[in-house]
Structures are given as C-alpha cells and as structure tokens.
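Here the structure comes first, spelled out in structure tokens, and everything after it is commentary.
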Amino acid sequence: MSDRSRIRFPWGVRTPYGRGDVWPARVDTNLADGLAPEDVERWVPSASVLHSNGDAFDIGVRGGRIVGVRGRAGDRVNRGRLDPKDLYAWRATASADRLTTPLLRVDGQLVPCDWDAAMERITRRAKELLAETGPESIGFYTSGQLFLEEYYTLAVTARGGIGTNHLDGNTRLCTATAAESLKESFGCDGQPGTYTDIDHADVIALYGHNVAETQSVLWERILDRLAGPRPPALLCVDPRPTPVARHATVHLAPIPGTNVALMNTLLRELLEHGWIDRDYIAAHTVGFEELAATVAEWTPERGAAVCGVPAEDIRRAACLLGTTRRLVSTVLQGFYQSHQATAAAVQVNNTHLVRGMLGRPGCGVLQMNGQPTAQNTRECGADGDLPGFRNWANDDHVAELARLWNVEPGVLAHDGPPTHAMRIMELAESGELGLLWISATNPAVSLPELSRIRRILARDSLFLVVQDIFLTETAALADVVLPAAAWGEKTGTFTNADRTVHLSERAVEPPGQARSDLAIFLDFARRMDLRDRDGDPLPPWDDEHGAFAAWQRCSAGRPCDYTGLDYAQLRRGGRQWPRRAGYGDEEAERLYADGAFFARPDDCESYGKDLVTGEPWDEKRYREVNPDGRAMIKAAPYVRSPEPPSPDYPLALITGRTIYHFHTRTKTGRTPQLQDAAPDVWVELAEADARAAGIRDGDLVEVATPRAALRARAQVTGIRPGVVFVPFHYGYWDLPDADVPGAARTRAANELTRTEVDPASKQPLFKTAAARIRRVDDAHTAARPAARGRAGVPQVTGA
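For what it's worth, the numbering used here labels the leading residue of the sequence shown as 1494, then goes sequentially.
Structure follows, in structure tokens:
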C-alpha cells in the first residue's frame, strides 16, 4: 500500500483466520524514497518503541544511515505487520534538530559544551547536595522507552549508589495502575494472559482500551479474527465512538468517573445468574464473600442510573461475559487515568477470578501498558518498585537485593515505598529536592496541571538535568542538557505488554557527541565514584552485556526470570518471560495455569492496599487474609468523582491519543507522514452539545476547566453527550506569535487536567475534570471545516 493509503487505512488488508488457527503472516515494509529491498546493505533486528505492542522488525541500513524498516514474519507478536508509527517514525532520528552536543545554562541561556564540562557541573552539584542534605535531595524521573539494561543500571546507580528513594518513570502516567491492579489481585506484577489468547477467544472485552489506535497491530489481529470463521464477540467500554466501539457487539459508553459502578453492576449480574465457577473460587481465591456483599445492591437499573447507560445493554454485556467459554479482557487508559483507577481495574481481574478463566488458551486478562518498555521500568526497579518484583516492605527482600548489589541494607531500606512521580514534583516544589534528572520524557507537556509543572521545573532551587534526543519543552528549562542516542543507535532489550522480550541492536552510530543512555548513567556513576562494600565500582559492569548478565542474576527465581534468555536467542525473535535456565518454551506463555500465584506472604511483591484510601496493608494483615498465597478477590464501593460536572462546568473532559502520534510528538511530530495526518490539536464533542453551544464542525472553540483554557477546532462526532475529548500530544513549540503561550492559547491538553492521583496506584487522573465549551469568533471558521483525516481520526475499515 502507498504512504497515503497506510495513513488513511492504517490497519492494512485483512488476512482472516478462525478460532484456534495460527494468525497468517503479512510483511509490511517502508523504505526511503526510491529504494528497493535489494538496495539495503544490512538488516538489523529491532522492534517498535512507539507503543507497547512490541512489533518486531528489521532496520534497513545503507551507507551508515537508517533507510527503512521491514516486519519480521516469524515473530509471535506481529507476524510481520507494522503500524503507521512503526512504518514512518524511523525518519525522525535523522532530523536536523537532533541534539548532538551537551548544553550548559550560562547567564540564562543554553550554550554548547563538551561532556567533561557538562558532567563536572552535574557531579559537583550532586556531591554538594549529598554532603549538605543527603541522598533524599536527589531524584530521578525516567521513561518507558529506554532499554532494560539502562533501567537496571539507573536503578542500581540511584538506589544502591546514591541511596535515594526518589526514582520513578513516566510509566506512572500510563501503566502504574496496570502494575498495581495485578499486585492487588495476584500478589505480583506480570500479565497473566498473552496475545495468542486473541486467537482462541470467544469474547474479547476491552475496558477503556482503544486498541485500534494505541496498539493498532493487535487490533489488526482482532480484525482478522472478526473477518474469519467463528469470530469473537466484542464488548467495548468507552465514552467515544472509537473503531473498537463501531465493531462491538455491545458498546457501553459510561459517564466518565463511573467505571467502578459499572463493573460492580456487571459482577452482580454474573453472581445473580450463577455464571461463576464456585470450585475455582473455593480452591484458588480469597475475598469472594466481600465481593458478593459489595455488589449485591448494584442492579442493572441502579448501574444504568449512575453510569448513564441502558440497563438492557448492561444485561447484554454481562451475558457475554458470563456465558462465554473463552474470555479475554484488556484494560488501558480509559480505566487507568480515570477516577477509582485501581479499583476499577481490579474488578476486571475479578471477572476472570469468579469465572475461573485464567491460564488456558483464550482465557486471560491483559492489564495493558502504554509504552514500549514500561514493563522493564517496573521489573528493573526504575519506578516505584524494587528490582525483580521484590517487596519494599519485606526486610528479607531488601536484604537479598543488598547482597546482590553488595551494599549495606540500610542504603535500600526506607520508611515508605519508593517515591512516585507526582510526589517527586511536590518535593521539588517545596525545595526539598535539589537535583532532578529527567531522561527520555517530556513532563512539561505530559504531566497534569502544566502551569504548576513548568513553575516547578523552572525553580532556581532545582538543578534540572535533562537527557534526550531533541530539545523538548522540558529540556529548554534545564540547567544541563545531555544528548542521548536514539533507538537504532544503541543495543539493548525491551519487553512488551504480554511479557515478550525483544533485542534491538545498534544499526548506526549516534550523531555528533550523542551517547547511549547506558553510557551516560555509567559515566555519572564513575564520576561520582560510587562503590560497593568492597570498594569496587557500582554498578560493576561497563556495557549492555554486563548489565543484562547482572539483571539475569537479579531476576533469578523471581516471577520475571530471565536466566534462560540471551541475546543469541532474542536475535532470532521475541521470547516471553519467565524463562528459567534449562527449561523449555512451554512454561512462559501464560501465568497461573495451575492456579498457583506468586502471592505467598514470603514471596509477594506487595502486601496490598485499601482500594479506596490507598492505605497500605502490613505484613500481619496480609498473612491473616491470605496465608496460602491465593488470588485475591478485592471488592470496592463506588465513590463519586472529585470534580463532577457542575452548572459552571457542565461537561466532562477526557484526554487520550491518536494513532498517528506518540506521547508529546518528539519523534512523530518530526515525521512528515504522521505530522501531516494529525497536525494540530482538536476538540471532539457530541452533536447535542455542539448544537446547544452553537458550534459547527470545524469551528474554533475554547474548552475551559477551573485551571486553564485551550483553543482548537471542533470535531462533532458520536461521542457520548456531556463529554469532550482532547488529545494530549501537543505542546508549544509551533504556536505562532507566542514565546511563552498564555493559558487560553495553549495546545497542551494537560494545562486543563487536575493534579489528582489514584490513591492506590498514584497514577494521575487525566480523565477526571469538569469543563465547559464555547465557540470563538474567528475569521477563518467558515473556511476551515474539520477534516477527519487531518484531525487524527483514521478511516474505519475491516477490509
């Protein structure tokens, strides 16, 4: 297909297949203009870093430059298919505005310098802070887009070397609830299901998961099942008329902030009709009686009244969930970034536990990730967890990690859990945090309530280090900017949402003085002279091979065991963990097939939390409730949203993604095909709301919340009345006539969002805000109707 066709019809042509069959291969390729496959000199194995699906492909190299990509037909994840971001975004690595030299702030301006000057400035400030106030004055905020070897090196450096508890990733914004919900239900992180469950499912339920745009190759897999014999039924829970909703057997469009009410109603129907596996519940779970008592009052009529969906549709949805023999459930940001995030995601787990649908083909739950290496952030301890899914509240786990790193246990022991991202920002705001090192993420666009975040990052009391491949909105505020190597310019491994590990090898050299993130972290550790108890360098490795070997030792015996994986295997294609040394492939595909969970008190990653308050359970309570390490059925009452619509702000604002962009567009905004497909922010609203406000398709409108306002073109769609949607990708760089944009002129959706987090996962609730909308008089309104293809809404096709 041509570039134009793959943008307009992003899911390509159908290759139908039936239940239980192997998904047919289809190899997608994109090369630089005028090149044919035979012109490529080398093909280097890699996978996508622009979504969490983990699409495997080879990087084409010619003349020392990346010239294209080609899907890998034999890979278990994508069978050769690539989505629009996979196909085109490789072009961004060659953008003329790549960072190629370190930058130092001198007299208020960022000026080029060499690596010695930049690193000397950083280490001098870090040593001053350690001497003056100790390790808790230093924090690190990283990404979901680096490699496993880099995350583990950062974790050892920050936690074992510096001794700080302030380390988190932007995975806090997209997958923290995935991790927390899995720990709450199963005692441990890690997806129970696998993508191949799609091949066997009779019902696929997608909760707040617009898979068509967030993991579009996985959507192609679903479309191919729908086009084949014995297709699955789809349940879609989403306020928007997404491509998933348009293909759904049942589409539930609840009022934002009512997901727990909806899930309690669905669970009540399963119990009321006896659509449960009582033997499985008795043998493998605890907590069923509390769930039954909690959901008893949630009749379809009550659920309909609270959620704003027809009672009969709730009954139809429950019947799909309750009568199928093979159920796959997926969850993403519509639940994770909403009110009662963890509580809602846990109720999805509960549907599988009460039905006994885990560990068999076509029976799995996937608490999805939003980023390509989010799983590695969590495994390696580069977020609010300890490496290897260890429990920060278990003294034996802390001591074991200290032995692995050969450091004193007191360096790792803290009074509370590792610090989450929004708390790190609070500490920077109060002045308690003196140095913040940000790598491969752009919080000046991605965090909530951006006016506050920009003020924090610009504080004189905060020494800000930013490590990236472009001068982002965040990098522009830094004291030191470090130029990093991009994907394709370094070697490492990364793990997708269904535990599949891929190897990405260096295809070309990074530009100018840019270095890999691994090299930068190791340089910092050496200049800081970090040492273990024997006086040896910490971390002790010098390259990605050493880091991977060290990670294998750290993961040994833990749920995410990598000891049976190596680069040679991964060079041939993706492999799932756990893969223990000496064992075959059969152990890896699904977790919990035998009803045994990684939840015993001595082994579990977490003792759990109260789903409403977030208050942690202690070891004593956990042992009393779950002494045998069963799966935990945790109930949660519905609690009203903290900022519901009001007379002044009568609408509910939600934010999200488009298929054509990733995060804050640092790469996709520099890719002509993707940028032309979705060049600017838009506002999606329902026809009834548009009519009431005198708004037509294409009008310039202003959306305001109690915090700020945003102007953009209107797109009138079939979205649920009372809801407005704004994509969050857009920042400030290409705003005309504005060096420092005012709130009403911003393109950044997160100016509007609340500084509010889920009590259990600490994930920001981007989809919980009251809003209003008005038409703005504009000389160009009549001449600029919204164009669907140019506003980030792809064409819908099953062909």
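Cβ atoms here follow ideal geometry from the backbone N, Cα and C, with glycine treated the same way.
Item, Value
"Through-space distance from L1597 to L1603, alpha-carbon basis", "5 Å"
"Exposed unless 16 or more other CB atoms sit within 10 angstroms - verdict on P2135", "exposed"
"Distance between S1539 and D1551 (C-alpha atoms, nearest Å)", "6 Å"
"Secondary structure of L2031, DSSP reduced to three states", "coil"
"Residue span of the beta strand (DSSP E) that contains P1538, given as start and end", "R1535 to A1540"
"Environment of G1909 [buried if 16+ CB atoms lie within 10 Å]", "exposed"
"Range covered by the beta strand (DSSP E) that runs through Q2208", "A2202 to T2210"
"Helix, strand or coil at W1608 [DSSP, three-state]", "helix"
"Inter-residue spacing [alpha-carbon to alpha-carbon] between R1948 and A1810", "46 Å"
"Residue span of the beta strand (DSSP E) that contains N1523, given as start and end", "T1522 to L1524"
"Start-end ranges of the alpha helix (DSSP H) lying completely within the region 1553-1637, minimum 4 residues", "1577-1581 and 1608-1625"
"Any 3 or more C-beta pairs closer than 8 Å across the region 1734-1747 and the region 1705-1714", "yes"
"DSSP state of F1882 mapped onto helix, strand, coil", "helix"
"Closest by C-alpha distance to A2207, when choosing among Y2153, Q2166 and I2266", "I2266"
"Residues of its chain near S2139, where Cβ-Cβ distance is below 7 Å and the 5 sequence neighbours each way are ignored", "A2263"
"Residue from I1807, D1682, L1647 and P1605 with nearest C-alpha to P1883", "The residue asked about is misnamed: residue 1883 is Arg in this sequence, not Pro. Ranking I1807, D1682, L1647 and P1605 by Cα distance to R1883 puts D1682 first."
"Secondary structure of W1930, DSSP reduced to three states", "strand"
"Own chain partners of E1642 with C-beta closer than 6 Å, once the 5 adjacent residues on each side are dropped", "G1985, L2011, E2037, A2040 and F2041"
"The region 1670-1681 contacting the region 2064-2073, beta-carbon criterion three pairs below 8 Å", "no"
"Per-residue DSSP class, three states only, for R2268", "strand"
"Three-pair Cβ contact test at 8 Å for the region 1990-1998 versus the region 1526-1542", "yes"
"Validate contact between the region 1936-1945 and the region 1636-1651 using beta carbons, cut 8 Å, 3 pairs", "no"
"Residue range of the unbroken beta strand (DSSP E) whose run includes E2300", "Absent from the model: residue 2300. The displayed extent of the chain is 1494 to 2292, so no value can be given."
"Distance between P2165 and D2054 (C-alpha atoms, nearest Å)", "41 Å"
"Neighbour-count burial assignment, P2052, 16 or more Cβ in a 10 Å radius", "buried"
"Where A1990 falls: helix, strand or coil (DSSP)", "coil"
"Buried or exposed (CB count within 10 angstroms, at least 16 for buried), P2257", "buried"
"When R1497, L1592 and L1580 are compared against A1969, the one with the closest alpha-carbon", "L1592"
"DSSP state of V1730 mapped onto helix, strand, coil", "strand"
"Y1700 burial status per 10 Å Cβ neighbour count (16 or more: buried)", "buried"
"R2247 classed as buried or exposed, judged by whether at least 16 other C-beta atoms fall within 10 angstroms", "buried"
"Contact check, S1822 vs A1698, beta carbons under 8 Å", "yes"
"Sequence-distant residues of the same chain with beta carbon closer than 7 Å to N1658, five excluded per side", "E1629, H1907, P1911 and T1912"
"Minimum length 3: unbroken beta strand (DSSP E) runs contained in the region 1900-1973", "1928-1932 and 1956-1961"
"6 Å Cβ shell around G2211 - same chain, five flanking residues per side excluded", "P1734"
"CB contact flag (C1667, G1863, <8 Å)", "yes"
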